[in-house]
Amino acid sequence: MDRLAKGLVVIILCSFLCFNAFAKGLFKDIPACLPPQMQACKGAAENKAPSIINSENKVTFENGHFAFEIQKSPVLSFQKIFSRYTQGECLNASSRIFLIWADDKLVDVNEFVIKNVTISKNGDSKKAEFLLDSKNAGLEVVLTVQIDKTPQARMELALKNETQNKNTVRVLFPYFENVLLGNAGDNYYYFPYKGGLTSNKPYELSSSYTAHTGSIQLVSVFNPKLGAGFFTRVEDNTGRPKTFVLTKKDKNGDEEIGTYKKLYGVFEEVSFKHTEIFPQTMGSVLGCYSYIYDAQPNQSVKLPAAVFGVHSGNFMYALEDYSKWMRTWFKHNRETPEWYKKVFYYPVAHDILGNTGWEKGFLKDGKIAIGELAKPYEHAIQLAYWGEHPKDDHLGDVREHSWYRYANPGDYNYEDEWGGLDALREDIAKAKRNGTRVTLYGATQYGTWLFSKVYQQHPDWAQLDKAGNEIHEYWWDLNDNKDRVRIVNMCGHVEEWQDWVANTNKRLVEETGTTGIYLDVMNQIPYCYNPKHKHDAHPAVAAEKILKKNLAAVCSANPEAVIECEDFCSDHLLQWTDSCWMKTFYQDLPLEFEQTFNLYDVSFVRFLIPDVKWTDFGPRWIYGSRRAFFNGIGYNISEVTNKSDPEESKQVTKEQRLDYLIRTCQLLKENADAFASMNCKPLVPTLPQYVYANYFGTDTKKIYTIYNKNDSEISGPVLSGQNGQNYHFVELLYDEEVSYDSVSDSVSLSISPWDVVCVAKLPKLLQIENKDGKIEVKIKRNVKDGVVKVLDSDDDGKNIADEYKLQKGKVVIDAGKYQNKRLIIKLFVNDYLTDERILN
Ligand SMILES: [Zn+2]
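Numbers in the numbering used here are just positions in the sequence shown, counted from 1, shifted up by 372.
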């Protein structure tokens, strides 16, 4: 062998090894954001009864957690909010308490005269009531502020129109300006845009509740160095639209502030437009801006209650406080169907060209062939553009790509050329037999094709803009000829249209046998100005109706069937959908977005509302794949490579990216009992620095996803307090036993830089003996319907395991078949992993 040939061998071997070494080290050069390190706070809660003192110029509130002052004149305002946790102020200067726009004109805070203040007591709580009046605006205002023993104060605001004319009012309440805890640069925030953003960068953010950007009704500021924070939230369980705002400035005067497409996707009607409320001083503004209220003469408008509070630690206290309140009203419509809990690897397939993860398309030889093309590791596949399409675009232009011939959303007929309904139904059944569910992009409320029958017959259902015109949209790259795919926006308030949509989806489930209907942004109902329609008070009311109708229709066709939405608008609306395709860190947004706002890699709403099935939709693979795994949620494989990926991630091939998803999604599926559990908690304690863990539990096993955010491998104790004497611990991604030390009660393992792994605490059920050419697997406990699966070398999600049915609690396997191989032996009960042993 000459030198050159030797060199070649080395190179080949190396690339073979690198490829084969799967994901360990796959992310070694691809860092993720680092959250700030929290320090313990200086102070603590004190045992102090709540008191309110009304003196000449101010009212002072105090309990064991905070002390604050409301100044009575010349202007009603917060003067101080002292936190016992930081032993310091939460405000840098005074803060107004609410802002009111009457007929779209800001009422100057100086116009309000305080007429009366009364203090009252009810059990443990004390309340101050402020009666104010503005002659100019013709408004009487009643503000109440109540405290008890908890770290939260509760405020209510009612406005009375004292004129003889109908008024419209918009209110910013709660409103806190000049919020500053210690050094401005150390002030971090939680903002509820989609799943929740966190950062310390100066930004102007706004997000609408009930439009697709919105999510929950909470805004928070915290200082990790001081180990404490401040938050405010709104208690409204009606789903009424509102806009949450947060701006942060690190210095007084002019400062370059990042503006993340502030009003992105927000309807004009709920947009926050009054920028004059942002002071030029450093600190943060936190608030909630109401949608318009009509104030009738001599009638009162009562705003939803607002809560503010202080706490130690980061914003998790505020989230838990929000969760407690949310759970007083949030009732998910039903238990998630068992099959759907197990869906994690979830590509979308189009006819001839899918998204990157499924680029083969669902056609073969011009016929629908999803049953043949689907792989068992594809838990579900959504078919989009599966419906009938015209042979040309009505302009005589014939093109290959479906989007140019696209007739969905239209009448939702089947395409005869592809085999019609029969082929589709048979194919869906075939895929299901092979382990892959097929869902359909279904009828949605927002629009229909111009040439569809439903529009031709019911043009009166169309949505009109303020000028009285129909709104037509032209999809994708069709600018050269806009009439090609012309969508007419329909009005989601029209009951007949809602029924048409729900009935169409019911028909699709009945006819095709599909068990999932994707409703896209069904929950995002636009405003409509068609005077002939009967419109609800606000679009979220229509969204609620339409979700309820669709859920009922689809379930009546098949109780196993689910409805899926894209972007969730509000926690309120999540009550009537089975799932949400979450687009918090969508790949089309600038890279800056996730590099600024994704500090924790935690999807907070996923933990707040585990009743709903979450799927990450379209993130950058390099961040999104680990993030989805860390959060124990599914992944919609729309793009696995992205042109705007950072340079260091381009070395990871497309094949490796898909392999990673197949492997992690398989793990999630096998443990879907834990990942669908209500018993889950983000950011549980770990031992090493920059290592983060999320927890998911069932009665029999505990699971931790663990993110090593160090740029080097960590090795040693990671989790403690496991009480693991009768258990053992297995890392499930690479299938390795993990050591547990009962003296220190700690679990030790090593994790590659920037990698996410998954440790399970499992009962010691499998007892394995390997001798005389036989592997005897005994189950220590009586297990009903247990199945033992054996994999040699690697469980990559694609390898097919050998399956052995338990007989009298035991399985005897011929060891010859597996000579010199590492064996992964898994016990499944009801399809869920119950124990796992590695035989090296
Ligand atoms: Zn309408």
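The beta-carbon is built from N, C-alpha and C at its ideal position, and this holds for glycine as well. Since this is a predicted model, take the numbers as computed values, not measurements.
Could you check what DSSP says for G1188 in three-state terms: helix, strand or coil?
helix
In angstroms with no decimal places, state the Cα-to-Cα distance between Y1064 and S1010.
27 Å
Following the continuous beta strand (DSSP E) through M954, name the residue where it begins and the one where it ends.
S951 to M954
Just to check my reading of the structure: S350 and V977 have Cβ atoms closer than 8 Å, yes? What is that Cβ distance to the nearest angstrom?
Not covered by the structure: residue 350. The range shown for the chain is 373 to 1212.
Taking only three categories from DSSP, how would you classify K487?
strand
Check I1005 in the structure and name its three-state DSSP category.
coil
Where does the unbroken alpha helix (DSSP H) through F976 begin, and where does it stop?
F976 to L980
Just to confirm before moving on: does the CB-CB distance between R999 and V1012 stay below 8 Å?
no
On the CB-based measure, 16 or more other CB atoms within 10 Å of its CB, does T1025 come out buried or exposed?
exposed
Could you tell me the alpha carbon to alpha carbon distance between F680 and T522, rounded to whole angstroms?
11 Å
Q316 beta carbon near ligand 1 (any heavy atom closer than 7 Å):
Given a span of 373 to 1212 for the chain in the structure shown, any question on residue 316 remains unanswerable.
Buried or exposed: where does A600 fall if 16 or more other Cβ atoms within 10 Å of its Cβ makes it buried?
buried
For chain C, is any of its Cβ atoms less than 8 Å away from the one on L1121?
Although the question refers to chain C, the structure presented lacks it and comprises just one protein chain.
Contiguous beta strand (DSSP E) assignments of at least 3 residues, all confined to the segment 585 to 624:
590 to 595, 600 to 607 and 614 to 621
For the beta strand (DSSP E) holding P546, just list the boundary residues, first then last.
N539 to V551
Roughly how many whole angstroms lie between the Cα atoms of I897 and R706?
23 Å
For C900, verify whether its CB is less than 7 Å away from any heavy atom of ligand 1.
yes
Beta-carbon contacts of I1147 that lie in its chain and below 7 Å, excluding the five residues immediately before and after:
I1140, I1185 and A1187
Closer than 7 Å to a non-hydrogen atom of ligand 1 - does that hold for the CB of H683?
no
Bridge partners of W473, per DSSP?
L478 and R542
Measuring alpha carbon to alpha carbon, tell me which residue in P1135, F548 and I981 is nearest P651.
F548
Pick from N670, A795 and G782 that is closest to L735, judged by C-alpha positions
A795
Compute every distance between the C-beta of V826 and the non-hydrogen atoms of ligand 1, then say whether any falls below 7 Å.
no
Secondary structure at P991, three-state DSSP: helix, strand or coil?
strand
Determine, using beta carbons only, whether V543 and L675 come nearer to each other than 8 Å.
yes
Contacts around I453, its chain only, beta-carbon distance under 6 Å, and the 5 residues preceding and following it disregarded:
F440, C462 and L463
Ends of the beta strand (DSSP E) at I1034?
No beta strand (DSSP E) holds I1034; the alpha helix (DSSP H) holding it covers K1026 to E1042.
Beta-carbon proximity list for S1087, same chain, < 7 Å, skipping 5 on both sides:
S1122
Can you look up N1142 in the DSSP assignment and give me helix, strand or coil?
strand
Proximity to W872 [Cα-Cα], best of A925, I889 and D908
A925
Pick from E966, D626, N670 and F639 that is closest to M654, judged by C-alpha positions
D626
Is H830 near ligand 1 - that is, is its Cβ less than 7 Å away from at least one heavy atom of it?
no
If you measure between the beta carbons of G397 and R456, is that distance less than 8 Å?
no
Consider the C-beta atom of V866 and the heavy atoms of ligand 1; say whether any pair is separated by less than 7 Å.
yes
What first and last residue would you give for the alpha helix (DSSP H) that runs through W869?
E867 to T884
Cut-off 6 Å between Cβ atoms - residues of its own chain near P407, not counting five sequence neighbours on either side:
L971 and Y972
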